[in-house]
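No gaps in the numbering here: position 110 of the sequence shown is 155 in the working numbering, and each next residue is one more.
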Amino acid sequence: MNLSDIIEEYIKNAIEENHYIELKRNELAQEFNCVPSQINYVISTRFIPELGFYVESRRGGGGYIKISEINISQCDYIKNIVRKIGSKMSQSTLDIYLKELLRYNIIDNNIVDIISSALSENSLKKVNKQKRDEVRADMFKNIIVNLK
């Protein structure tokens, strides 16, 4: 598990307890012995509305970041993911979305494994490298809009 995953897990655990968390970026960076930009990266890529989160921040000496969970329906959630994906998707971005779909009980571990395997770099090795992320995005969108 890399540092971004650990920070993400820490924040999600805190959100589960209270449905939100207020944190100071610098304090969290000190706690994880990383630079504050690492905290920004995690928040900006893993706590977005399309994944069911609302982020509010206030800058300055008393500044904070507040992350809240948004209640959205499964259908709206999937529509948001499809819109957010765009035309390309890396393997690491796929993994983030799969974790979120699993977290919200939209898919189970078996489906995660199947999708991950089907859309892996190894499975797409016969596709031109410049087109892989496009093919992965198209395939993933088709899969998730057809989930029952």
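From the three backbone atoms N, C-alpha and C, an ideal C-beta is built for every residue, glycine too.
Could you give the C-beta distance for residue 113 and residue 55, rounded to a whole number, given that I count them as a contact under 8 Å? Between residue 113 and residue 55 the beta-carbon gap is near 16 Å, outside 8 Å, which marks them as no contact.
For the beta strand (DSSP E) containing residue 100, list its first residue and its last residue. For residue 100, the enclosing beta strand (DSSP E) begins and ends at 98 to 103.
In its own chain, which residues sit with a C-beta less than 6 Å from the C-beta of residue 92, not counting the 5 before and 5 after it? 98, 100, 112, listed in sequence order.
Unbroken stretches of the alpha helix (DSSP H), 4 residues or longer, contained in the segment 103 to 161: Complete alpha helix (DSSP H) runs here, min 4: 119 to 130, 136 to 148.
Close-in-space but distant-in-sequence residues of the same chain around residue 146 (CB under 6 Å, 5 per side omitted): The beta carbon of residue 146 sits closer than 6 Å to the beta carbons of 152 from its chain, once the five residues preceding and following it are set aside; these are given in chain order.
Is the beta carbon of residue 58 sitting closer than 8 Å to the one on residue 70? Not closer than 8 Å, so no.
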